[in-house]
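So the structure is just underneath, and the comments pick up after that.
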Amino acid sequence: MKLENIIIRNLTVRKFKTFLSVICILIAVTSVFSVYKISTKLESEVSRSFDEIGANLVITPDYKNKEVLTADDIIKINSIKNKENVAVIAPKLIKSLDVNGNITPVVGVDFPYELQLNKKLWKLRGQKPSAINDVVAGAAIAEKLNLTTGDTVNIQGKRFDIKAVLEPTGAADDRMLFVNLLTLQQLTGSKYQLNLIEVAAYCFTCPLPQIASQIQNKLPFASVFKVSDALKTRKATVEKFSLYSKVIEGFIIVTVSFLLFLINISLVNERMKEFGILRALGYRKIQIIEMLLSENIIKGLAGAVIGYLLAVYTAKLWLSNLQIFSVTASFNISELLIACVFSYLIVVVSSVIPAFKAARVDPLVVINE
Amino acid sequence: MNDFIKIDGLKKWYKSKGVTYEALKNITLNLRKGEFVAIKGPSGSGKTTLLSILGTLLSPDEGSISIDGIDITKLSQERKADFRAFYIGFIFQHFHLLPFLSVYENTLLPLSTIKKEKEYKKNLAEKALSTVGMLEKKNKLPSEISGGEQQRTAIARAIVNEPPLILADEPTGNLDSVNSTVIMKHFQILHEQGHTIVFVTHDMKMSEYADRVIHVEDGLVKKDEVFIKEDKVYV
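Respectively, the protein sequence lines represent chains A and B.
In this text, residue positions in the first sequence follow the numbering used here: the first is 866, and each later residue adds one.
In this text, residue positions in the second sequence follow the numbering used here: the first is 20, and each later residue adds one.
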């Protein structure tokens, strides 16, 4: 017979209160961790989207002073303090040129960077451009000029191959032809010149205004614009969700702790005779406290494990019903351990006062009752 | 024989609503090891208070009390708990068994905080249960046995760790005469085995089992009788 035996026996004898305590902890862990999983998944998805969907900074020359951007400016952008936050730098030269007899906007791009910048937005019907005379045609211009993959096209007297046609994007890209930047610079006699640089930064957590300001300092004769796009709205939504969820989590933690405290106080009141007898038999106060805390820790761990599994399931279900993001929640052993620590803290906080009350019982009063 | 318990000038008073009530008024007593003592007196005489102080469950307001050379009035609450665990076996009027533990598990309770092998504890518990004739019912819950059997279980619990002192507060107060006799006979056996037993009773018949009867009235020792076999000796 050890203290553990008494602990286990108490848990099984008082089934209803044990069940009630486990349910309380389970509700706390499930709600806190499902909300946590959902908000962190959404945050990481938004963060990822900033990189995937497109640029969030656009740099143009200062047209008033007739300045131009050059390849050197890319090196300057790469030397800013927050360069770690810069994911992609996509330089562009935009010209209106004669394409099969039609004046069409032609954009010179560095295809590897451009494809990375637009990897979510661009869906290529055809192959990735690799040769210097490869062309990617926007959906609308391809339809207008009757171009398909494998066709050739004449731009400013030079022959180009249509390597891919973009699926409609709903953006200006639909009305443009994309060619190799160097080829266009040579073709138009604008060697080294650029008239647009798009920069994509990992900016869910990074300070976009600071990056913009650092670039502006490096390129004083250029204009740096921050792009406002749907992601910002999404980010704001996710931030609001995170804030509300934190408030709800706090409320749940306080409520559950209070409920557990009430259950524990009621348990202690119910068991005063037991504690009095144990004290009379020579049990130390610390042993009574240890006994009660251990009982609650066992309940807490049971609640934490079941609660965490329920949280994963709930988060999965919720995220699968979410239309705007394609994310899912999964089981994570570290999170389970955190859930156990979290539940341990709730349990200890809610049972310290009842445990001390139990330990302070006067055995004489109980025995003479 | 050396004195096992020395009580000197013991006083205890209670205060209630500004009124002080003296429960014990200067008690001085010496008890020897192996004595079988009954503390007798009417209700409110202070006998249970005296037993509670002996059992370290209550602290006196004045005077000293030492058991086996240890001044228990100077012990901290936690040291008193340790003292109870090793020195004292308690038997209560209302048995006070834990209802969710079996007879065997209740008997083991005083051993649960001691770091000893399971087999060692099992042997002690079975020996104690066997002494009171409860070994066959060791798996029963308290609710499944009679009052007399519950008190025998409580005796087994009190003697399981072989304490030098057994204290019993009205041990037969909740039992019929047949069961009361059985319990007192068990006390006699324990006494013969060398245990020091002090019990409180208001029942003349039960006090006759003891070999010393201390009469307490109004917080004072009125009479201290020692019985040697059939002869009555006034001390």
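Here a beta-carbon is modelled for each residue, glycine too, at the ideal position from N, C-alpha and C.
Computed from a prediction, not measured in an experiment: that's the story for all the values here.
| task | Quick one: give me the first and last residue of the alpha helix (DSSP H) that A:Phe1140 is part of. | result | On the first sequence, position 275 is the one that residue 1140 of chain A refers to. Met1137 to Ala1145 is the extent of the alpha helix (DSSP H) around A:Phe1140.
| Cβ pair count under 8 Å reaching 3, the region 174-184 of chain B against the region 142-162 of chain B | yes
| query | What does B:His221 reach in chain A if we use C-beta pairs closer than 8 Å? | reply | Taking the first residue of the second sequence as position 1, residue 221 of chain B is located at position 202. For B:His221, no chain A residue has a C-beta closer than 8 Å to its own C-beta; the minimum C-beta separation is roughly 15 Å.
| said: Counting C-beta neighbours from all protein chains within 10 Å, is the total for A:Ile1189 16 or more, i.e. buried, or is it exposed? | reply: Your numbering for residue 1189 of chain A matches position 324 in the first sequence. Here A:Ile1189 scores only 49 on pLDDT, less than 50, and its place in the model is too uncertain to base an answer on.
| A:Asn943 to A:Val1089 span [Cα, whole Å] | The residue you call residue 943 of chain A lines up with position 78 of the first sequence. The residue you call residue 1089 of chain A lines up with position 224 of the first sequence. Spanning the two alpha carbons is a distance of roughly 15 Å.
| said: Quick check on DSSP: helix, strand or coil for A:Phe1086? | reply: Within the first sequence, the letter at position 221 stands for residue 1086 of chain A. In this structure, A:Phe1086 counts as coil in the three-state DSSP scheme.
| query | Would you call the region 902-911 of chain A and the region 1140-1159 of chain A in contact, with 3 or more CB pairs under 8 Å? | reply | Under the 8 Å Cβ criterion, the region 902-911 of chain A does not count as touching the region 1140-1159 of chain A, having fewer than three qualifying pairs.
| When burial is assigned at 16 or more other CB atoms within 10 Å of the CB, is A:Asn1011 buried or exposed? | Numbered from 1 along the first sequence, position 146 holds the residue referred to as residue 1011 of chain A. By the 10 Å Cβ count, A:Asn1011 comes out exposed.
| query | By how many angstroms is the C-alpha of A:Asp1227 removed from the C-alpha of A:Val1217? | reply | Numbered from 1 along the first sequence, position 352 holds the residue referred to as residue 1217 of chain A. Numbered from 1 along the first sequence, position 362 holds the residue referred to as residue 1227 of chain A. Their Cα atoms are separated by approximately 18 Å.
| message | Do A:Asn921 and A:Leu1059 count as a contact pair if the criterion is CB distance below 8 Å? | response | Counting from 1 along the first sequence, the entry for residue 1059 of chain A is found at position 194. Counting from 1 along the first sequence, the entry for residue 921 of chain A is found at position 56. Not in contact: A:Leu1059 and A:Asn921 (Cβ atoms no closer than 8 Å).
| task | Inspect the CB distances between the region 1034-1053 of chain A and the region 1015-1024 of chain A and report whether three or more fall short of 8 Å. | result | yes
| Whose C-beta lies closer than 7 Å to the C-beta of B:Ser162 among residues of the same chain, with five residues either side of it excluded? | By 1-based counting over the second sequence, the position of residue 162 of chain B is 143. Pro118, listed in sequence order.
| field | Burial state of A:Pro1219 (16 or more Cβ within 10 Å) | value | As a working mapping, residue 1219 of chain A is identified with position 354 in the first sequence. Under this definition A:Pro1219 is a buried residue.
| Sequence ranges, beta strand (DSSP E) only - wholly within the region 138-206 of chain B, length at least 3 | Counting only unbroken stretches of 3 or more residues, the beta strand (DSSP E) elements lying wholly within the region 138-206 of chain B are 184-188, in sequence order.
| query | Got a sec? Which residues, its chain only, sit under 8 Å from A:Leu1166 by beta carbon, not counting five neighbours each side? | reply | Counted from its first residue, the first sequence places residue 1166 of chain A at position 301. Answer for A:Leu1166: Cys1205, Ser1208 and Tyr1209, listed in chain order.
| request: Give the straight-line distance between the Cα atoms of B:Leu29 and A:Ile873, rounded to the nearest whole angstrom. | output: Numbered from its first residue, the second sequence carries residue 29 of chain B at position 10. Numbered from its first residue, the first sequence carries residue 873 of chain A at position 8. Approximately 43 Å, taken between the alpha carbons.
| task | Look at A:Lys1164 and A:Ala1224 and say whether their C-beta atoms are less than 8 Å apart. | result | Here residue 1164 of chain A refers to the residue found at position 299 of the first sequence. Here residue 1224 of chain A refers to the residue found at position 359 of the first sequence. Going by C-beta atoms, A:Lys1164 is not nearer than 8 Å to A:Ala1224.
| field | Rounded separation between B:Met153 and A:Cys889 - CA only | value | Numbered from 1 along the second sequence, position 134 holds the residue referred to as residue 153 of chain B. Numbered from 1 along the first sequence, position 24 holds the residue referred to as residue 889 of chain A. Approximately 42 Å between the Cα atoms of the pair.
| said: Quick check: is the beta carbon of B:Asp101 nearer than 8 Å to any beta carbon in chain A? | reply: The sequence position of residue 101 of chain B within the second sequence is 82, counting from 1. So, interface residue.
| field | Contact check, A:Leu885 vs A:Gly1168, beta carbons under 8 Å | value | By 1-based counting over the first sequence, the position of residue 885 of chain A is 20. By 1-based counting over the first sequence, the position of residue 1168 of chain A is 303. No; because the gap between Cβ atoms is not below 8 Å, this pair is not in contact.
| field | Buried versus exposed call for B:Gly9 [16 or more other C-beta atoms within 10 Å across all chains shown] | value | Since the first and last residues shown for chain B are 20 and 254, residue 9 of chain B lies out of range.
| query | So which residues on chain B does A:Asn1150 lean against when the C-beta distance must stay under 8 Å? | reply | For the purposes of this step, residue 1150 of chain A is identified with residue 285 of the first sequence, where counting begins at 1. Note that residue 1150 of chain A corresponds to Lys in the displayed sequence, not to Asn. By Cβ distance, chain B contributes Gln96, Glu97 and Ala100.
| Reference A:Leu1084, options A:Ser1107, A:Ile945 and A:Leu868, closest by Cα | As a position in the first sequence, residue 1084 of chain A is number 219, starting the count at 1. Selected option, being the one with the closest Cα: A:Ile945.
| said: List, in chain order, every chain A residue whose beta-carbon is nearer than 9 Å to that of B:His205. | reply: Here residue 205 of chain B is taken as the residue at index 186 of the second sequence, counted from 1. In chain order: nothing, as chain A lies at least about 19 Å away.
| query | So, using beta-carbon positions, are A:Ile1006 and A:Thr1048 closer together than 8 Å? | reply | In the first sequence, counting from the first residue as 1, residue 1006 of chain A sits at position 141. In the first sequence, counting from the first residue as 1, residue 1048 of chain A sits at position 183. No, they are not a contact pair.
| query | In the DSSP assignment, what residue or residues form a beta bridge with A:Gln1058? | reply | One-based indexing of the first sequence puts residue 1058 of chain A at position 193. Per DSSP, A:Thr935.
| Residue nearest to A:Glu1135 in terms of C-alpha spacing, selected from A:Val878, A:Asn870 and A:Gly966 | For the purposes of this step, residue 1135 of chain A is taken as the residue at position 270 of the first sequence. It is A:Val878 whose Cα lies nearest to the Cα of A:Glu1135.
| query | What's the C-alpha gap between A:Lys1028 and A:Ile940? | reply | Within the first sequence, numbered from 1, the residue matching residue 1028 of chain A stands at position 163. Within the first sequence, numbered from 1, the residue matching residue 940 of chain A stands at position 75. About 30 Å.
| query | Between the region 27-46 of chain B and the region 74-93 of chain B, do at least 3 Cβ pairs fall closer than 8 Å? | reply | yes
| task | Indicate whether B:Leu209 and B:Leu73 have their beta-carbon atoms separated by less than 8 Å. | result | As a working note, residue 209 of chain B is residue 190 in the second sequence. As a working note, residue 73 of chain B is residue 54 in the second sequence. Going by C-beta atoms, B:Leu209 is not nearer than 8 Å to B:Leu73.
| task | Give the DSSP-derived three-state secondary structure of A:Pro1228 in the structure shown. | result | Within the first sequence, numbered from 1, the residue matching residue 1228 of chain A stands at position 363. DSSP places A:Pro1228 in helix when its eight states are reduced to three.
| task | Mind checking who A:Ile890 pairs with in its DSSP beta bridge? | result | Position 25 of the first sequence holds residue 890 of chain A. In DSSP, A:Ile890 forms no bridge with anything.
| request: Taking only beta carbons into account, state which residues of the region 114-129 of chain B come closer than 7 Å to chain A, listed in chain order. | output: His115, Leu117, Phe119, Leu120, Glu124, Leu127, Leu128 and Pro129
| field | Backbone CA spacing between B:Glu189 and A:Tyr1173 [nearest angstrom] | value | Here residue 189 of chain B is taken as the residue at index 170 of the second sequence, counted from 1. Here residue 1173 of chain A is taken as the residue at index 308 of the first sequence, counted from 1. Roughly 54 Å between the two C-alpha positions.
| said: Using a Cβ-Cβ cutoff of 7 Å, what residues of the region 1116-1147 of chain A are near chain B? List them in chain order. | reply: From the region 1116-1147 of chain A, only Glu1139, Ile1142, Arg1144, Ala1145, Leu1146 and Gly1147 have a Cβ closer than 7 Å to chain B.
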